[in-house]
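J.:
2 protein chains.
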Amino acid sequence: MAKALIAKLTALHPLPEEDRRFVERIVGHGEDVAPGTDISSEGARSEKVHVILSGQAYRYKVLPDGKRQIIGYLVPGDFCDLFGFLLDKMDHSIAARTRCRVVHLSEADILKLTARPMLARALWWSELVEGAICREWLVNIGRRPADRRVAHILAELHLRLLVVGEATESSFRLSLSQTELADTVGLTTVSVNRALQHLRRSGLISQTSREITIPDVEALREFAEFDPSYLHFRPLREGRLMETADVT
Amino acid sequence: MAKALIAKLTALHPLPEEDRRFVERIVGHGEDVAPGTDISSEGARSEKVHVILSGQAYRYKVLPDGKRQIIGYLVPGDFCDLFGFLLDKMDHSIAARTRCRVVHLSEADILKLTARPMLARALWWSELVEGAICREWLVNIGRRPADRRVAHILAELHLRLLVVGEATESSFRLSLSQTELADTVGLTTVSVNRALQHLRRSGLISQTSREITIPDVEALREFAEFDPSYLHFRPLREGRLMETADVT
DNA sequence: CGACCCGTTGATTCACGTCAACATTGGTGG
DNA sequence: CCACCAATGTTGACGTGAATCAACGGGTCG
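Quick mapping for you: the protein sequence lines, in order, are chains A and B. Everything in the first sequence is counted per our numbering, starting at 918 for the first residue and increasing by one. Everything in the second sequence is counted per our numbering, starting at 918 for the first residue and increasing by one.
(1) If you drop the 5 nearest sequence neighbours on each side, which residues of the same chain put their C-beta closer than 8 Å to that of T1130 (chain B)?
(2) Runs of 4 residues minimum, wholly inside the region 1076-1109 of chain B: which ones carry the alpha helix (DSSP H) assignment?
(3) Grab me the residues of R1052 (chain A)'s own chain with a C-beta within less than 8 Å of its C-beta, minus the 5 sequence neighbours each way, in chain order.
(4) To the nearest angstrom, how far is the alpha carbon of R1077 (chain A) from that of L1074 (chain B)?
(5) Would you tell me roughly how many angstroms separate the C-alpha atoms of A1032 (chain B) and V979 (chain A), rounded to the nearest one?
(6) Does chain A have any CB closer than 8 Å to the CB of Y1147 (chain B)?
(7) Output, in sequence order along the chain, the residues in the region 1044-1072 of chain A whose CB is closer than 8 Å to any CB in chain B.
(8) Compare the C-beta of A1162 (chain A) against all C-beta atoms of chain B and say whether one is closer than 8 Å.
(9) Going along chain A in order, which residues have a C-beta closer than 7 Å to the C-beta of G1103 (chain B)?
(10) May I ask you to list, following chain order, the residues of the region 1003-1020 of chain A that have a beta carbon less than 8 Å from some beta carbon of chain B?
(11) Is it true that the region 931-941 of chain B meets the region 1029-1044 of chain B, where meeting means three or more beta-carbon pairs spaced less than 8 Å apart?
(12) Please go through the same chain and pick out, in chain order, the residues whose beta-carbon is closer than 7 Å to the beta-carbon of G1156 (chain B), but skip the five residues on each side of it.
(13) Report the rounded CA-to-CA distance for G1001 (chain A) versus H1149 (chain B), giving the unit in angstroms.
(14) Find out if the Cβ-Cβ distance for the pair D1064 (chain A), S1010 (chain A) is shorter than 8 Å.
(15) Based on DSSP bridge pairs, tell me the residues matched to S971 (chain B).
(16) If you follow the alpha helix (DSSP H) that E959 (chain A) is part of, which residue opens it and which one closes it?
(17) For L1036 (chain B), tell me which candidate among B:V992, B:C1017, B:F996 and B:P1062 has the shortest Cα-Cα distance.
(18) Does the CB of R1154 (chain A) have a neighbour CB from chain B at under 8 Å?
(19) In chain A, which residues lie with their C-beta within 8 Å of the C-beta of I988 (chain B)?
(20) Report the three-state DSSP secondary structure of F1143 (chain B) (helix, strand or coil).
(21) Note down the Cα distance separating A1112 (chain A) from L929 (chain B), rounded to an integer number of angstroms.
(22) To the nearest angstrom, how far is the alpha carbon of A1025 (chain B) from that of R1138 (chain B)?
(23) The alpha helix (DSSP H) with D998 (chain A) in it runs from where to where?
(24) Quick check: is the beta carbon of L999 (chain A) nearer than 8 Å to any beta carbon in chain B?
(25) Thinking C-alpha only, which one of B:G994, B:D982, B:R962 and B:G1120 is nearest A974 (chain B)?
(26) Would you tell me roughly how many angstroms separate the C-alpha atoms of R1090 (chain B) and V1134 (chain B), rounded to the nearest one?
(27) Helix, strand or coil: which one does DSSP assign to L1158 (chain B)?
(28) So which residues of chain A does P981 (chain B) contact, with C-beta pairs closer than 8 Å?
(29) In whole angstroms, what separates the C-alpha of P1169 (chain B) from that of K965 (chain B)?
(30) Terminal residues of the continuous alpha helix (DSSP H) containing A1025 (chain B)?
(31) Can you check whether the CB of L991 (chain A) is closer than 8 Å to the CB of L1055 (chain B)?
(32) Look up R985 (chain B) in the DSSP assignment and say whether it is helix, strand or coil.
(33) Note down, in chain order, each residue of its chain lying with its Cβ closer than 6 Å to the Cβ of E1160 (chain B), except the 5 sequence neighbours on either side.
(34) So is S963 (chain A) in contact with chain B if we call contact Cβ pairs under 8 Å?
(35) Determine whether the Cβ of K925 (chain B) lies closer than 8 Å to any Cβ atom of chain A.
(36) On the DSSP bridge list, what partners appear for I1011 (chain B)?
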């Protein structure tokens, strides 16, 4: 049940068998969260840290007038709310997109986790990558026209899914609705719809229902100005750094 | 010379005298960087971590067509590029806005820093807050009209400056040009200019050259939908957490 | 079968971008 | 001290990309 989490934590570095069993022991089995419900809400001062074991979730904020902005996606292995933990209270909400299996870790659990250099470092890494993605989204929303914006998020999702084995070289299943896509890239559903049509007509993607195929990945990326380096898939560099000490 | 850095690291918690002297020893005196020049460039694989001792800098990316998006501001005490360090290479650039004094820390230095629980925790905290700001910017750019966008960044800058004693309750010096403001909030200079005019005409701000006064802070914040909680100025909660162990 | 969510489309509006000129400021060197 | 220049701020006219509004079709679920 902690498979995804362990996979994530070992993406960086093999995890000592001891750490591995330690994680398994800690996480237990978690509980289910129904699609559409909050895992953690803005303003909450949770005593627990939530970790997604399976399913997908997203971070979001809503404005007074009801507009929503999605500010990140969470996949199995992700920690939801180190925020509520280290920083007073949550500054945004997290909702389950699909049915999710979520574990609640106590402060003590987190303490034990982060006391282990390898695990602590994995947490750091994951946080830095999430920050990098957020910055790239800022560029995407702030400076790109609608069609490139949509192309960019598609290219990102494709690669992220590819890396975890949930996409092929040239196709993937887009699990997001156009509404979610719109709230992610700062457009309306109508604009997203038209942007997708534009991408289809240009032959950059083709679509049957939610299955998206990308005939020429390079072409899509170029159009989207997508440079994958911000995803940092070659995680830690050969660094001696932190090999010995706890950078956490 | 390390004053600002120490101030930052102690914002969370008083730093043991020992840690304090340790920091002072490590940082040395740094070197000057002229305004407008990069402290760290996208794609760089720096062996060093840069820390701003004085002056201001910003993170940014530029698109193929020359458009620029500013994705964060750095103030004295901030670490520039844990990225280049933990994650292979820089995914964005950092430029000095004003003359900056910058120290270069080696891997060994960072190791020594982060080996100290208090300092490591301060790093974590600072990273989390930066992430929170980035997310709020995403909302700002993605979902707010031009005038609110500008109002929001003004409200944020005002508060951030106020906290470090560089603003009064009702006024501050806006050191950013309208061009920089525009690249921050994803608009053009013309739109920023008109948004500012709108704010002036509504009486939400008044301006003499770069000095901005805010007659009614609450009014501005309400208009901007600015809720300061994402800045997390009440840093760590009473948490026993990490009091004893190294969460870093 | 009806209710609802999702995708799609067309007509229209409007916020913001673009372009171009001009004013103002501040710094620099003669 | 003034002349010059570059960067910054301001303004108007105009174009356009995306929002808005509204309607409709298809799939799914109770």
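The C-beta atom is built at its ideal place from N, Cα and C for all residues, glycine as well. Nothing here was measured: the structure is a model prediction, and the numbers come from that model.
T.: So, to answer that:
(1) Counting from one through the second sequence, the residue named residue 1130 (chain B) turns up at place 213. Short of 8 Å from the beta carbon of T1130 (chain B), and not among the five residues preceding or following it, lie these beta carbons of its own chain, in chain order: S1087, S1088, I1122, S1123 and Q1124.
(2) Qualifying alpha helix (DSSP H) stretches, in chain order: 1095-1102.
(3) Sequence index remark: in the first sequence, residue 1052 (chain A) carries index 135 (1-based). So the list reads Y1147, once near-sequence residues are dropped.
(4) As a working mapping, residue 1077 (chain A) is identified with position 160 in the first sequence. As a working mapping, residue 1074 (chain B) is identified with position 157 in the second sequence. So the alpha carbons of these two residues sit roughly 34 Å apart.
(5) Position 115 of the second sequence holds residue 1032 (chain B). Position 62 of the first sequence holds residue 979 (chain A). Approximately 39 Å, taken between the alpha carbons.
(6) Against the second sequence, residue 1147 (chain B) aligns to sequence position 230. It does: the Cβ of Y1147 (chain B) has a partner Cβ on chain A nearer than 8 Å.
(7) E1044, L1045, V1046, E1047, G1048, A1049, C1051, R1052, E1053, W1054, L1055, V1056, I1058, G1059, R1060 and R1061
(8) If you number the first sequence from 1, residue 1162 (chain A) lands on position 245. Interpretation of A1162 (chain A) is limited by its pLDDT of 34, a score under 50 that renders its predicted location unreliable; no figure is taken from the coordinates.
(9) As a first step, residue 1103 (chain B) is located in the second sequence; it is residue number 186 there, counting from the start. In chain order: I1058, G1059 and R1060.
(10) L1003, L1004, D1005, K1006, D1008 and H1009
(11) yes
(12) On the second sequence, residue 1156 (chain B) is found 239 positions in, with the first residue counted as 1. Unreliable positioning characterises G1156 (chain B) in this predicted model, as indicated by a pLDDT of 41, which lies under 50. The coordinate reading is nonetheless provided below. Within the same chain, G1156 (chain B) has no close Cβ partners at all.
(13) Sequence index remark: in the first sequence, residue 1001 (chain A) carries index 84 (1-based). Sequence index remark: in the second sequence, residue 1149 (chain B) carries index 232 (1-based). C-alpha separation (whole angstroms): 10 Å.
(14) Reading the first sequence from its first residue, position 147 is the one you call residue 1064 (chain A). Reading the first sequence from its first residue, position 93 is the one you call residue 1010 (chain A). Not closer than 8 Å, so no.
(15) In the second sequence, residue 971 (chain B) corresponds to position 54, counting from 1. Its beta-bridge partners are B:R1018.
(16) Reading the first sequence from its first residue, position 42 is the one you call residue 959 (chain A). Neither: E959 (chain A) is in no alpha helix (DSSP H) and is coded neither H nor E.
(17) In the second sequence, the residue the question calls residue 1036 (chain B) occupies position 119. Of B:V992, B:C1017, B:F996 and B:P1062, the residue nearest in Cα terms is B:F996.
(18) Numbered from 1 along the first sequence, position 237 holds the residue referred to as residue 1154 (chain A). Residue confidence is low: R1154 (chain A) scores 41 on pLDDT, short of 50, so the model does not pin down where it sits. No coordinate-derived value is stated.
(19) In the second sequence, the residue the question calls residue 988 (chain B) occupies position 71. Result: R1052, L1055 and V1056.
(20) By one-based count along the second sequence, residue 1143 (chain B) stands at place 226. Looking at F1143 (chain B) - three-state DSSP - the assignment turns out to be coil, as it is neither helix nor strand.
(21) Position 195 of the first sequence, counted from the start, is the residue given in the question as residue 1112 (chain A). Position 12 of the second sequence, counted from the start, is the residue given in the question as residue 929 (chain B). Rounded to whole angstroms, A1112 (chain A) to L929 (chain B) spans 46 Å at the Cα level.
(22) In the second sequence, residue 1025 (chain B) corresponds to position 108, counting from 1. In the second sequence, residue 1138 (chain B) corresponds to position 221, counting from 1. Rounded to whole angstroms, A1025 (chain B) to R1138 (chain B) spans 44 Å at the Cα level.
(23) Here residue 998 (chain A) is taken as the residue at index 81 of the first sequence, counted from 1. From DSSP, D998 (chain A) is part of no alpha helix (DSSP H); its letter is neither H nor E.
(24) Here residue 999 (chain A) is taken as the residue at index 82 of the first sequence, counted from 1. Answer yes: the Cβ-Cβ gap between L999 (chain A) and chain B drops below 8 Å somewhere.
(25) Your numbering for residue 974 (chain B) matches position 57 in the second sequence. Answer by Cα proximity: B:G994.
(26) Here residue 1090 (chain B) corresponds to residue number 173 of the second sequence, with the count starting at 1. Here residue 1134 (chain B) corresponds to residue number 217 of the second sequence, with the count starting at 1. Near 15 Å, if we compare the C-alpha coordinates of V1134 (chain B) and R1090 (chain B).
(27) Translated into positions along the second sequence, residue 1158 (chain B) becomes position 241. Only weak support is given to the placement of L1158 (chain B): the predicted model assigns it a pLDDT of 38, under 50, and the value that follows is read from those uncertain coordinates. In the three-state reduction of the DSSP assignment, L1158 (chain B) falls in the coil class, being assigned neither a helical nor a strand state.
(28) Your numbering for residue 981 (chain B) matches position 64 in the second sequence. Going along chain A in sequence order, the residues near P981 (chain B) (Cβ under 8 Å) are E1142.
(29) What is shown of chain B runs 918 to 1165, which leaves residue 1169 (chain B) out entirely.
(30) Within the second sequence, residue 1025 (chain B) is the residue found at index 108, counting from 1. Run containing A1025 (chain B): E1024 to T1031, per the alpha helix (DSSP H) assignment.
(31) In the second sequence, residue 1055 (chain B) corresponds to position 138, counting from 1. In the first sequence, residue 991 (chain A) corresponds to position 74, counting from 1. No, Cβ-Cβ distance for L1055 (chain B) and L991 (chain A) is not below 8 Å.
(32) By 1-based counting over the second sequence, the position of residue 985 (chain B) is 68. Correct three-state label for R985 (chain B): strand.
(33) As a first step, residue 1160 (chain B) is located in the second sequence; it is residue number 243 there, counting from the start. Confidence in E1160 (chain B) is poor, its pLDDT being 36 and thus under 50, which makes the residue's placement unreliable; the coordinate value appears in the next sentence. By the criterion of a C-beta distance shorter than 6 Å, E1160 (chain B) is surrounded by no residue of its chain, once the five residues flanking it on both sides are discounted.
(34) In the first sequence, residue 963 (chain A) corresponds to position 46, counting from 1. With respect to chain B, the C-beta atom of S963 (chain A) has no partner C-beta closer than 8 Å.
(35) Indexing the second sequence from 1 puts residue 925 (chain B) at position 8. By this cut-off, K925 (chain B) is not an interface position.
(36) Here residue 1011 (chain B) is taken as the residue at index 94 of the second sequence, counted from 1. B:S957 and B:R976.
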